[in-house]
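Read in order, the letters of the sequence shown are residues 46 to 381 in this note's numbering. Even glycine gets a Cβ: it sits at the ideal position worked out from N, Cα and C. No experiment lies behind these values; they were computed from the predicted model shown. A short write-up of the structure that comes next.
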Amino acid sequence: MKKISVIITAAVMAAALFSCSMAEDDDKVSGTGSVAEVSTESVTESSEAPSEISISTEDESIPSFRLPFKAEDFDGIIDGLSVAVGGSDIIQKGTVDGMNYSITFQLGKWHRYTSNDQIVTLSKLFWQCYPKMYKRFGFVKGSPTDVSIAVEDDDYAISWTSGTHIHLNDRWLGENKTDFDCITHELVHVIQNGWDEAYLEYGAYIERFADYCRFLYAMDNGYYNDACWDLWTPEENNRETSVRFMVWLDYFYSTPDNDLMKKFFTVCSEYKYPAAEWDAAWTEILSGSELEGHDIDDIWQMYTSSDFAKLKSEVRNEGEVSELLNAYDIRGKLTD
46 MKKISVIITA AVMAAALFSC SMAEDDDKVS GTGSVAEVST ESVTESSEAP
96 SEISISTEDE SIPSFRLPFK AEDFDGIIDG LSVAVGGSDI IQKGTVDGMN
146 YSITFQLGKW HRYTSNDQIV TLSKLFWQCY PKMYKRFGFV KGSPTDVSIA
196 VEDDDYAISW TSGTHIHLND RWLGENKTDF DCITHELVHV IQNGWDEAYL
246 EYGAYIERFA DYCRFLYAMD NGYYNDACWD LWTPEENNRE TSVRFMVWLD
296 YFYSTPDNDL MKKFFTVCSE YKYPAAEWDA AWTEILSGSE LEGHDIDDIW
346 QMYTSSDFAK LKSEVRNEGE VSELLNAYDI RGKLTD
């Protein structure tokens, strides 16, 4: 519903009153077609020079409140972070490892199912995770460094990404209090910057790679992620659907000088190999590694026969370490 307040100059008021005197009802004029209802309560006089009619609207579908945030709410996330709070946006700009990044939280349709503290945590997640992922993969495609996250009470399940714009259902974190790393997944889609399924062995690689990064770069070393999200599901029984296979391939066979997952990202980004030619793509990805010369299906069998494929990755409580991570310091390898 919209409420409209109309301010009319003295000259316009006189014309309106004259029109009223010609109507059947001496007090007011009303109708259902082009005749509008005129009320003297909505008419005011102005001593200023005549001006155009001023219309203000209030849309009840959009929350009418000032954002309950101050710049200092985000202190300590990174050194030198610039924060501006205005209108329905929180705009943050900062530099990490010599690269300039920005994140804009768009809260015009935020109904506070996501709490203030959770939005601060999402800010921390961006500045902790996005620069790390960008440093490894973002330079391949010149991926965007300016990102927006709209927290909105809208009609979709969890979150989705279009270009540099991430959309998060306001109710999701209201009901799933610690699933912050769903945004880590979406940030990967920004870095992918438009992979084309026609040039992927499987179109599912788009989502599987995002999940691979979600696990590897999860905020606070997986403190929240590992208690609410599992690396393995029963459907992951082939290369098309397996996230863990990517983690295994990376952990055991990538080196600083021959980063297999960076090569995988590059092949997916360059649109070099149509889906039917991915045998050649795998040859390029595996070149120079211990797996060079092996057929990718044979490599899959090596993976499925390993304990890595079977160890539990989920934990019951936040901060606990899974069987998989107790056996293999997967995230620690990133800092080696």
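Straight through space, the alpha carbons of His230 and Met264 are spaced by roughly 11 Å. Per DSSP, Trp327 lies in no beta strand (DSSP E) segment; the continuous alpha helix (DSSP H) that holds it begins and ends at 323-331.
By the criterion of a C-beta distance shorter than 7 Å, Cys174 is surrounded in its chain by Thr229, Leu232, Tyr262, Met264, once the five residues flanking it on both sides are discounted. When the beta-carbon positions are compared, Tyr373 and Phe290 stay at least 8 Å from each other.
Going by beta carbons, Tyr158 and Tyr244 fall outside the 8 Å limit. For Ile122, the secondary structure class from DSSP, reduced to helix, strand or coil, is coil. In the three-state DSSP reduction, Ile203 falls in the coil class, being neither helix nor strand. Burial is judged here by how many other beta carbons sit within 10 angstroms of a residue's own beta carbon; Ser358 has at least 16 and is buried. About 15 Å separates the CB atoms of Trp155 and Glu220; that is not less than 8 Å, and the two are not in contact. Of the candidates Asp302, Lys177, Glu242, the residue whose Cα lies closest to the Cα of Arg259 is Lys177.
Relative to the Cα of Ala202, the nearest Cα in the group Asp215, Asp191, Arg284, Ser168 belongs to Asp215.
For the stretch 119-178, the continuous beta strand (DSSP E) assignments of 3+ residues that do not extend past its boundaries occur at 127-131, 134-141, 144-151, in sequence order. The continuous alpha helix (DSSP H) containing Ile236 extends over residues 227-237. Per DSSP, Ala195 is not a residue of any alpha helix (DSSP H); the beta strand (DSSP E) it occupies stretches across 191-197. Each of Asp295, Lys307, Ile123 was checked against the Cα of Tyr146, and the nearest Cα belongs to Ile123. Put simply, the backbone Cα of Ser168 is about 11 Å away from that of Leu126. Contact fails between the stretch 283-300 and the stretch 311-326, because fewer than three Cβ pairs, one in each stretch, are under 8 Å apart. DSSP places Thr349 within a helical segment (H, G or I) once states are collapsed to three. With fewer than 16 neighbouring CB atoms inside 10 Å of its own CB, Lys222 falls in the exposed class.
In the structure shown, Asn362 adopts coil according to DSSP, grouped into three states.
CA-to-CA, the gap between Ser350 and Ser334 works out to about 20 Å. With at least 16 other beta carbons inside 10 angstroms of its own, Thr166 counts as buried. Cβ atoms of Val130 and Pro189 stay farther apart than 8 Å, at about 23 Å. Of the other Cβ atoms in all chains shown, fewer than 16 fall within 10 Å of the Cβ of Trp205; this residue is therefore exposed.
In the same chain as Asp118, and ignoring 5 residues on each side of it, the C-beta atoms closer than 7 Å to its own belong to Val165, in chain order. Residue environment: Arg361 is assigned as exposed (fewer than 16 neighbouring CB atoms within 10 Å of its CB, all protein chains considered).
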